[in-house]
Every structure is written in structure tokens, then in C-alpha cells.
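Novice: In the working numbering, the protein residues as written are 224 to 777.
Glycine included, every Cβ here is placed at the ideal spot set by N, Cα and C.
Take this structure first; my questions come after.
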């Protein structure tokens with residue numbers, strides 16, 4: 224999931240030879256005619272409360288930042304930037320630190336910068352003037368530290384396509400998202416209910432400053448979204464018409480040029496659609512450069528559908544005579560039935576496994592409500608409640624999610640998880656109240672009486688062991704990459720912290736193999752094979768190591 228990206232080296236070299244057409248994109252500026260360019264004045268009331276006019280940023284007791292912003296595109300962007308500047312700059316630093324970790328060579332970093340300029344040469348043509356103006360306003364508050372990567376505005380544009388680029392190049396980021404919708408006879412009140420885990424991982428620090436944003440635009444519908452500093456695109460959100468949008472990555476081939484970032488397509492749908500049909504029409508207008516499932520829930524239509532987009536195909540998956548819709552990371556619509564890349568992904572990845580686990584857990588519930596939905600999102604076991612180890616990507620709760628979220632579109636209620644992962648308290652938000660609140664009333668926006676308590680798992684020794692395992696896992700990764708030596712007794716302790724997870728035996732086997740202890744390595748690889756292995760490629764790599772360890776003993 225988090226692998227190095229040598230392919231960028233090739234593209235960086237290629238971009239040096241195909242620099243035609245880049246100049247125009249590098250000098251592009253959005254059309255800001257008619258907007259007031261005056262920067263907002265921010266008042267700091269406390270370390271956890273900042274305001275500018277009627278707009279403000281506040282941190283609740285669950286440590287989620289809540290942002291309320293209204294106005295025209297440029298004003299919105301500048302307000303978001305001004306109010307969240309420390310968060311914006313922190314996320315930027317985290318993101319580029321991750322890039323430096325993946326590509327440590329200064330020479331390759333330079334090639335990567337050239338590649339980004341070439342690859343994103345048409346990005347600005349696929350983003351509407353409204354969102355370019357908003358991104359421009361936001362970008363004025365970006366850090367000067369990364370101006371060598373690109374100027375602030377261009378850099379902010381690039382960052383909105385970063386998920387798509389990473390996803391296309393190496394299936395990074397959204398590989399494990401799961402979402403499900405139920406309605407009719409499957410819910411307590413017969414109304415639509417949607418839940419999803421957003422399994423985006425860019426390091427632990429990335430999820431520390433989660434923002435729940437409430438945007439009241441001059442045009443379109445007011446809406447909420449879960450986001451982070453510097454991001455105006457949508458990954459999870461609901462508008463005041465009771466329309467919800469969530470995105471799940473599909474299997475992509477490598478595109479030759481960036482087009483519309485999927486989060487920008489999702490943002491446009493959320494801001495301007497009130498029904499399933501309107502959402503479909505917006506999605507059809509936009510050219511994307513990765514494969515993605517967009518789950519649309521609609522209070523007006525009282526159902527959910529999937530819009531399945533890719534650079535070459537467009538599909539709709541609309542369940543008939545059914546009151547539930549599930550989505551992991553493969554396509555289900557008719558146009559992808561014979562798609563070889565999608566079929567292979569179903570067979571080889573963990574997407575189908577999680578899909579079947581959602582079916583299994585829903586089948587155990589006669590009627591669903593928000594609390595039961597949260598319980599499903601937090602489930603850490605495999606099929607038939609098999610213990611598959613904590614952090615296994617075959618689980619719905621992989622213990623790395625940026626957030627979990629539950630929507631009740633008819634009542635305009637939404638629940639957002641607080642850290643860590645989706646284990647913390649789910650904070651309830653009532654969009655009816657939030658978008659009708661008094662001006663200059665700078666208060667937390669959650670409805671605490673309807674919060675869903677934290678997971679009891681947080682108070683267990685098992686959870687403490689899992690967090691200790693994560694630290695140990697980073698240590699063994701470093702030792703493996705540097706061909707180093709572990710302290711005596713490390714591998715035994717490492718395995719005891721997460722004994723059902725296959726990878727603790729696989730990595731121990733790799734370490735023993737590197738040390739020349741082939742019999743011990745063989746034993747560890749055999750142990751790993753008795754556990755639930757995440758993907759077919761993982762199993763193939765493990766079996767190859769086992770064969771090599773056996774050959775070395777002959």
C-alpha cells in the first residue's frame with residue numbers, strides 16, 4: 224500500500240523530452256474579475272477559536288476542528304485559508320515530507336517536480352473557474368517553504384490531484400475504503416442510512432487535524448464535508464437537500480495526463496445536485512483520469528446508487544428490488560463486467576473480501592440504525608468473525624482510517640468519528656440547525672446529546688498492544704530496508720503484539736532470510752501461510768520467499 228514509486232523516475236525523464244505545452248499551464252491564473260481581492264482579518268479569541276466576520280474555526284472537545292464559511296468563491300477560499308492557515312501549512316509539510324521519504328534522492332525529486340509540471344499541464348483546463356478561484360484564495364495562505372516545488376496556486380492545484388496521481392501510479396491512498404447504504408425494510412425508520420470508512424493513509428500526523436467544514440456558498444446548496452487543511456475537494460459529505468457523496472477508488476491504469484480530480488467532481492455534485500439524476504448529469508460532464516466509485520445517497524429519491532467513472536467508461540449501478548447497496552474497491556455496473564483490470568482486481572485484492580464481510584454483517588441485523596452502522600464500520604474481524612490480526616486490510620476497520628462517517632439524509636443528520644481512526648466518539652451534526660444558526664454565534668456545531676460513544680476497544684490491553692505493534696513494525700521495516708540488525712528478542716515480542724496478523728511472521732522470515740538463517744526463515748514463512756493473507760500478490764511473494772529459503776538449505 225505504501226510503496227516507493229520508481230515509475231516516477233521514468234516519467235520524470237520522459238517529461239524532460241516532452242515539455243511542449245507546459246509553459247501555458249505554469250503561467251495560468253484564474254479569472255478573478257468581479258471578486259473583492261481584499262484579504263480577511265482574522266481575530267484569535269483563543270488557541271481553539273478564530274473568527275472573521277460571521278465565519279469561524281473552532282476546536283471541539285473531541286479535538287475535531289469545525290469550520291463555518293460563506294461567500295463567493297474567492298472569498299470562501301481566502302477565508303478558509305486565513306482561518307486554517309496553520310492547519311493548511313502543517314498538512315502541506317506532512318505531505319511533502321512523505322514525498323521526500325518515498326523519493327529521498329534530490330536528483331529524483333527534481334525529476335519528480337519536472338514530471339508534475341508536465342503531467343499536470345492540462346489540469347487547469349478541467350477545473351471550473353469557480354473552484355480555481357476558491358483554490359487561488361486558499362493558496363495565498365500556503366507556505367513559502369515549498370515554492371521550489373511550484374508556486375503556491377499551482378501547488379494547490381497539484382495537491383487536489385495528488386490522490387488521483389498516487390492512486391493511478393501505485394494504487395496508493397484510497398485502496399481500502401468501504402461504504403454501505405440501507406433503506407426501506409432494512410432500517411428502523413424506513414429511511415436511508417449510509418456509512419463509510421475513508422481509509423486514506425499519509426502518515427499518522429495527517430489525520431491529527433481533522434476538519435468538519437460547513438460551507439454556505441452564494442450559488443448551490445449549503446453542505447458539510449470532512450476534510451483537512453488545504454483541501455476544497457470532497458471525499459465525504461452531505462448537502463442540505465439530503466444528498467450525500469462518498470468516493471471509493473477502483474483499479475486504474477496509468478493515464479498520460481491529469482484531468483479533473485475526482486474530489487473536485489464530488490465537490491461539484493455535492494454543491495449543485497439535489498437528486499440522483501442531477502448527480503449523474505454532473506458526473507457525465509467531467510473527464511476524470513482515474514477509476515472511482517462515487518456513492519450517491521438521496522433523501523429525495525430515498526435510495527443510493529453508484530456512479531462508476533474511469534477515463535474510458537461510465538457506469539451506473541442501481542440496485543433494483545433491494546434495499547441495500549455495498550461498495551468496496553471494485554466496479555459492479557454492467558459496463559465493467561468484462562473489464563479485465565476490474566475482474567483481476569476482484570480476484571487478487573482484498574476488495575471482494577470486504578464486500579462479502581459487509582454482506583455478512585448486514586445479514587446479521589434485522590434493522591439498521593446509526594449505532595449499528597457505526598458498529599459495522601468499527602468491525603475488526605474477518606469473514607465468519609475470523610481473527611485476522613489488527614491492521615489487516617481485509618477488515619472493514621483496518622485501524623488506519625482518516626475518518627468514519629454515517630449519514631441520515633432525510634433528517635440531515637451526520638456523525639463523524641473522532642480520533643483515533645473510527646474508534647473515537649462519533650460527533651453528531653444537524654445540518655438543519657447549523658445552517659440556520661444566528662450570525663456571530665461562535666459555538667461548537669455538534670449536537671452532543673446524539674453523539675455515539677467511543678469504541679470500548681480503546682480501553683483494552685489489546686489496543687495498547689496494537690499501537691505498540693505499529694511502532695515495532697516501523698522499526699522492522701527500517702531494518703529490512705537497511706539490512707540492519709534487530710535487538711535480541713525483538714521478533715518474538717513483535718509477533719506477540721499482533722499474533723493473528725500474517726505479516727509479523729512474513730517480516731520476521733524476511734529478516735531471518737537476510738541474516739542467512741534459512742531454516743528459521745522457512746519456519747516463519749510457513750507460519751504466515753497459516754494466517755489470513757491480505758492479497759493474492761502478497762501470497763505469491765510469500766510463497767516465493769519460502770521456496771528461496773528451502774533452496775538455500777539444499
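1) So what does DSSP say about residue 758, is it helix, strand or coil?
2) Return the chain-ordered list of same chain residues with a C-beta closer than 6 Å to the C-beta of residue 686, the five sequence neighbours on each side being excluded.
3) Quick check on DSSP: helix, strand or coil for residue 743?
4) First and last residue of the beta strand (DSSP E) that includes residue 374?
5) Count the other CB atoms within 10 Å of the CB of residue 422; is the residue buried (16 or more) or exposed (fewer)?
6) With burial defined as no fewer than 16 other Cβ atoms inside 10 Å of the residue's Cβ, what is the status of residue 570: buried or exposed?
7) Check whether the Cβ atoms of residue 607 and residue 627 sit closer than 8 Å, and answer yes or no.
8) Answer yes if the segment 525 to 532 comes into contact with the segment 369 to 388, meaning at least three C-beta pairs across the two stretches below 8 Å, and no otherwise.
9) Let's test the definition: count the other Cβ atoms within 10 Å of the Cβ of residue 487 and tell me whether it reaches 16, buried, or not, exposed.
10) Let's test the definition: count the other Cβ atoms within 10 Å of the Cβ of residue 531 and tell me whether it reaches 16, buried, or not, exposed.
11) Report the residue from 330, 402, 298 and 333 whose alpha carbon sits nearest the alpha carbon of residue 364.
12) Please determine, among 277, 551, 356 and 273, the residue with the shortest C-alpha to C-alpha distance to residue 259.
13) Over the uninterrupted beta strand (DSSP E) stretch that includes residue 279, give me the two end residues.
14) Mind checking which residues open and close the beta strand (DSSP E) that includes residue 547?
15) Inspect the beta-carbon positions of residue 695 and residue 720 and report whether they are closer than 8 Å.
16) Can you check whether the CB of residue 668 is closer than 8 Å to the CB of residue 289?
17) What would DSSP say about residue 296, mapped onto helix, strand or coil?
18) In terms of residue numbering, what span does the beta strand (DSSP E) encompassing residue 411 cover?
19) From residue 674 to residue 638, what distance separates their C-alpha atoms?
20) Output needed for residue 691: all residues of its chain with C-beta closer than 8 Å, excluding positions within five of it in sequence on either side, in chain order.
21) State the CB to CB distance for the pair residue 785 and residue 546, rounded to an integer number of angstroms; the pair is presumed to be in contact (CB under 8 Å).
22) How long is the line joining the alpha carbons of residue 334 and residue 318, rounded to whole angstroms?
23) Alpha carbon to alpha carbon, how far is residue 495 from residue 457?
24) Cβ of residue 452 within 8 Å of Cβ of residue 302?
25) Is it true that the CB of residue 447 sits closer than 8 Å to the CB of residue 654?
26) Output the boundary residues of the alpha helix (DSSP H) element that contains residue 329.
27) Roughly how many angstroms lie between the CA atoms of residue 250 and residue 377, to the nearest whole one?
28) Measure from the alpha carbon of residue 305 to the alpha carbon of each residue in 498, 366, 354 and 737, then state which is nearest.
29) Evaluate residue 269 with the Cβ neighbour count: other Cβ atoms within 10 Å of its Cβ, from every protein chain shown; 16 or more gives buried, anything less gives exposed.
30) Only counting the same chain, and skipping five residues up and downstream in sequence, which positions put a Cβ closer than 8 Å to that of residue 413?
31) Beta carbon of residue 417, beta carbon of residue 641: below 8 Å?
32) Could you name the residues that DSSP lists as bridge partners for residue 401?
33) According to DSSP, is residue 729 part of a helix, a strand, or is it coil?
34) Thinking just about the alpha-carbon of each residue, which of 255, 275 and 265 is nearest to the one in residue 663?
35) Do residue 756 and residue 769 have their beta-carbon atoms positioned less than 8 Å apart in this structure?
36) For a quick check, are the C-beta atoms of residue 483 and residue 442 less than 8 Å apart?
Specialist: Reading off the structure:
1) Position 535 of the chain shown holds residue 758. Three-state DSSP puts residue 758 in coil, outside helix and strand.
2) On the chain shown, residue 686 is found 463 positions in, with the first residue counted as 1. Taken in chain order, the residues that qualify are 680.
3) Taking the chain shown and counting its residues from 1, the one referred to as residue 743 is at position 520. Residue 743 falls in the helix class under three-state DSSP.
4) The sequence position of residue 374 within the chain shown is 151, counting from 1. Careful: residue 374 lies outside any beta strand (DSSP E) and carries neither H nor E.
5) Along the chain shown, one-based indexing puts residue 422 at 199. So residue 422 counts as buried.
6) Numbered from its first residue, the chain shown carries residue 570 at position 347. By the 10 Å Cβ count, residue 570 comes out exposed.
7) Mapped onto the chain shown, residue 607 falls at position 384. Mapped onto the chain shown, residue 627 falls at position 404. Going by C-beta atoms, residue 607 is not nearer than 8 Å to residue 627.
8) no
9) Against the chain shown, residue 487 aligns to sequence position 264. Buried: at least 16 other Cβ atoms inside 10 Å.
10) Position 308 of the chain shown, counting from 1, holds the residue named residue 531. Buried is the call here.
11) Within the chain shown, residue 364 is the residue found at index 141, counting from 1. Considering only alpha carbons, the answer is 298.
12) On the chain shown, residue 259 is found 36 positions in, with the first residue counted as 1. Residue 259 has its Cα closest to that of 356, out of 277, 551, 356 and 273.
13) Here residue 279 refers to the residue found at position 56 when the chain shown is read from its first residue. Residues 278 to 282.
14) Within the chain shown, residue 547 is the residue found at index 324, counting from 1. Counting along the chain, the beta strand (DSSP E) containing residue 547 begins and ends at 547 to 550.
15) Along the chain shown, one-based indexing puts residue 695 at 472. Along the chain shown, one-based indexing puts residue 720 at 497. Yes. Within cutoff.
16) The count along the chain shown starts at 1 and reaches residue 289 at position 66. The count along the chain shown starts at 1 and reaches residue 668 at position 445. In this structure, residue 668 lies closer than 8 Å to residue 289 by Cβ.
17) Counting from one through the chain shown, the residue named residue 296 turns up at place 73. In this structure, residue 296 counts as helix in the three-state DSSP scheme.
18) Residue 411 sits at position 188 when you count from the first residue of the chain shown. From DSSP, residue 411 is part of no beta strand (DSSP E); its letter is neither H nor E.
19) Numbered from 1 along the chain shown, position 451 holds the residue referred to as residue 674. Numbered from 1 along the chain shown, position 415 holds the residue referred to as residue 638. Their Cα atoms are separated by approximately 7 Å.
20) Numbered from 1 along the chain shown, position 468 holds the residue referred to as residue 691. The beta carbon of residue 691 sits closer than 8 Å to those of 720, all from its chain and outside the five residues before and after it, given in chain order.
21) The chain is shown only over 224 to 777; residue 785 falls outside these bounds and no answer can be derived.
22) Stepping through the chain shown from its first residue, residue 334 is reached at position 111. Stepping through the chain shown from its first residue, residue 318 is reached at position 95. Those two C-alpha atoms are separated by around 18 Å.
23) Position 272 of the chain shown holds residue 495. Position 234 of the chain shown holds residue 457. Near 13 Å, if we compare the C-alpha coordinates of residue 457 and residue 495.
24) Here residue 452 corresponds to residue number 229 of the chain shown, with the count starting at 1. Here residue 302 corresponds to residue number 79 of the chain shown, with the count starting at 1. No; because the gap between Cβ atoms is not below 8 Å, this pair is not in contact.
25) Position 431 of the chain shown, counting from 1, holds the residue named residue 654. Position 224 of the chain shown, counting from 1, holds the residue named residue 447. The answer is yes: Cβ separation under 8 Å.
26) Residue mapping note: residue 329 aligns to position 106 of the chain shown, counting from 1. Per DSSP, residue 329 belongs to the alpha helix (DSSP H) from 329 to 342.
27) The residue given as residue 250 occupies position 27 in the chain shown. The residue given as residue 377 occupies position 154 in the chain shown. Residue 250 and residue 377: Cα-Cα distance of roughly 9 Å.
28) What you label residue 305 is simply residue 82 of the chain shown in a count that begins at 1. Residue 305 has its Cα closest to that of 366, out of 498, 366, 354 and 737.
29) Counting from 1 along the chain shown, the entry for residue 269 is found at position 46. It counts as exposed.
30) Mapped onto the chain shown, residue 413 falls at position 190. Correct list, in chain order: 406 and 407.
31) The residue you call residue 417 lines up with position 194 of the chain shown. The residue you call residue 641 lines up with position 418 of the chain shown. No, the Cβ-Cβ distance between residue 417 and residue 641 is not below 8 Å.
32) Residue numbering aside, residue 401 sits at position 178 when the chain shown is read from its first letter. Its beta-bridge partners are 420.
33) To locate residue 729, count along the chain shown from 1; it is residue 506. Residue state, collapsed to three classes: helix.
34) Numbered from its first residue, the chain shown carries residue 663 at position 440. Checked all of 255, 275 and 265; the closest Cα to residue 663 is 275.
35) As a working mapping, residue 769 is identified with position 546 in the chain shown. As a working mapping, residue 756 is identified with position 533 in the chain shown. Not in contact: residue 769 and residue 756 (Cβ atoms no closer than 8 Å).
36) If you number the chain shown from 1, residue 483 lands on position 260. If you number the chain shown from 1, residue 442 lands on position 219. No, the Cβ-Cβ distance between residue 483 and residue 442 is not below 8 Å.
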